[in-house]
Amino acid sequence: MTSDLVYSDHYTTDTRDQLLAKIEAHLRPERFAHVQRVEQTAIALAKQYGADVEKTSIAGLVHDYAKQRPDSDFLQAISDYRLDPDLANWNNAIWHGVVGPEFIKRELGIYDEEILNAVRYHTTGNPYMTTLEKIVYMADYIEPARDFDGVAEAREMTARDLDLGVAFQTWHTLTYLIAENKAIYPKTIETYNAWVPTSGLVK
1 MTSDLVYSDH
11 YTTDTRDQLL
21 AKIEAHLRPE
31 RFAHVQRVEQ
41 TAIALAKQYG
51 ADVEKTSIAG
61 LVHDYAKQRP
71 DSDFLQAISD
81 YRLDPDLANW
91 NNAIWHGVVG
101 PEFIKRELGI
111 YDEEILNAVR
121 YHTTGNPYMT
131 TLEKIVYMAD
141 YIEPARDFDG
151 VAEAREMTAR
161 DLDLGVAFQT
171 WHTLTYLIAE
181 NKAIYPKTIE
191 TYNAWVPTSG
201 LVK
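In this text, residue positions in the sequence shown follow the UniProt record's numbering: the first is 1, and each later residue adds one.
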């Protein structure tokens, strides 16, 4: 997957190709292909909803940068960087988003807080999200290779109304976690309370 997007040096000193090479070194091929699909999906949404395309590209590419790290790396980062001690009770599904930005800052030299927040919130959401943060949240969920019950509806809603897409994903994820008797990260509940009851989403 290629792009002719030229980075400005405002958010990273790397070119897109250089950034891709650093990401590829940490991901298996299927995951690396996924982040590129997320980037392209996110760029399309950025153009539709008026977000910064360069920031969107970078956030899309780095959102899973930490996804395939060993658990010990996350636990060490939680301790070293004095993150919420409760994080140690969770797992990669939460860590790669919430803790991942610590690796992105130190290893990739990306410090833009909106990009880092897009990574932090891409699995849990957040009660308040900027347009970029909503876009990465949705792009990860609806990228072309995603295939689950409800994804077509998620794509249609996102194309029609980004906020409605956010509400749908949040509702759908929480419903799944409850049905599977899985633990629910508190931020996910906060996101649900902020986005779903007032969304007009009727199920």
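Beta carbons are placed, not taken as given, at the ideal position from N, Cα and C, and that holds for glycine. These numbers come from a predicted model, not from an experiment.
Distance between L108 and V119 (C-alpha atoms, nearest Å): Residue mapping note: residue 119 aligns to position 119 of the sequence shown, counting from 1. Residue mapping note: residue 108 aligns to position 108 of the sequence shown, counting from 1. Roughly 14 Å between the two C-alpha positions.
Inter-residue spacing [alpha-carbon to alpha-carbon] between Y176 and T198: Here the question's residue 176 lines up with position 176 in the sequence shown. Here the question's residue 198 lines up with position 198 in the sequence shown. Distance between the alpha carbons of Y176 and T198: 20 Å.
Alpha-carbon to alpha-carbon, V53 and K47: For this step, residue 47 is matched to residue 47 along the sequence shown. For this step, residue 53 is matched to residue 53 along the sequence shown. The straight-line gap from Cα to Cα measures roughly 7 Å.
For Y192 and Q169, believed in contact at Cβ under 8 Å, the rounded distance: Numbered from 1 along the sequence shown, position 169 holds the residue referred to as residue 169. Numbered from 1 along the sequence shown, position 192 holds the residue referred to as residue 192. Going by Cβ atoms, the distance from Q169 to Y192 rounds to 10 Å, so no, they are not a contact pair.
Distance between beta carbons of D112 and Y11, contact taken as under 8 Å: Looking up residue 11 in the sequence shown gives position 11. Looking up residue 112 in the sequence shown gives position 112. Y11 to D112, Cβ: 5 Å. Contact.
Of the residues D64, G50 and A167, the one placed nearest Q36, counting alpha carbons only: Along the sequence shown, read from residue 1 onward, the residue named residue 36 stands at position 36. Measuring from the Cα of Q36, the nearest candidate turns out to be D64.
Separation of D4 from K105, as counted between CA atoms: Taking the first residue of the sequence shown as 1, we reach residue 105 at position 105. Taking the first residue of the sequence shown as 1, we reach residue 4 at position 4. If I take the Cα positions, the gap works out to 25 Å.
Spatially closest choice to A139 from Y185, G200, V62 and P186, by CA coordinates: Taking the first residue of the sequence shown as 1, we reach residue 139 at position 139. Among Y185, G200, V62 and P186, the Cα nearest to that of A139 is on V62.
Rounded straight-line distance, which links the Cα of L45 to that of A159: Stepping through the sequence shown from its first residue, residue 159 is reached at position 159. Stepping through the sequence shown from its first residue, residue 45 is reached at position 45. The straight-line gap from Cα to Cα measures roughly 8 Å.
G60 versus R16 - alpha carbon distance: Taking the first residue of the sequence shown as 1, we reach residue 60 at position 60. Taking the first residue of the sequence shown as 1, we reach residue 16 at position 16. The straight-line gap from Cα to Cα measures roughly 12 Å.
Where the alpha helix (DSSP H) through P85 begins and ends: Against the sequence shown, residue 85 aligns to sequence position 85. No alpha helix (DSSP H) holds P85; DSSP gives it neither H nor E.
Coarse secondary structure for A179, derived from DSSP in three states: Here residue 179 is taken as the residue at index 179 of the sequence shown, counted from 1. A179 falls in the helix class under three-state DSSP.
Inter-residue Cα distance where the pair is Y121 and K134: As a position in the sequence shown, residue 121 is number 121, starting the count at 1. As a position in the sequence shown, residue 134 is number 134, starting the count at 1. Answer to the nearest angstrom: the Cα atoms are 9 Å apart.
Nearest to V166 (by Cα), restricted to the options D147, E180 and Y128: The sequence position of residue 166 within the sequence shown is 166, counting from 1. V166 has its Cα closest to that of Y128, out of D147, E180 and Y128.
Straight-line gap, V196 to I78 (C-alpha atoms, nearest Å): Here residue 196 refers to the residue found at position 196 when the sequence shown is read from its first residue. Here residue 78 refers to the residue found at position 78 when the sequence shown is read from its first residue. Each residue's Cα considered, the two are about 30 Å apart.
Alpha carbon of Y81 to alpha carbon of F74, nearest angstrom: Within the sequence shown, residue 81 is the residue found at index 81, counting from 1. Within the sequence shown, residue 74 is the residue found at index 74, counting from 1. Each residue's alpha carbon lies about 10 Å from the other.
Presumed contact (8 Å Cβ cut-off) between K187 and E114, rounded CB distance: In the sequence shown, counting from the first residue as 1, residue 187 sits at position 187. In the sequence shown, counting from the first residue as 1, residue 114 sits at position 114. Actually they are not in contact, since the Cβ atoms of K187 and E114 sit about 17 Å apart, beyond 8 Å.
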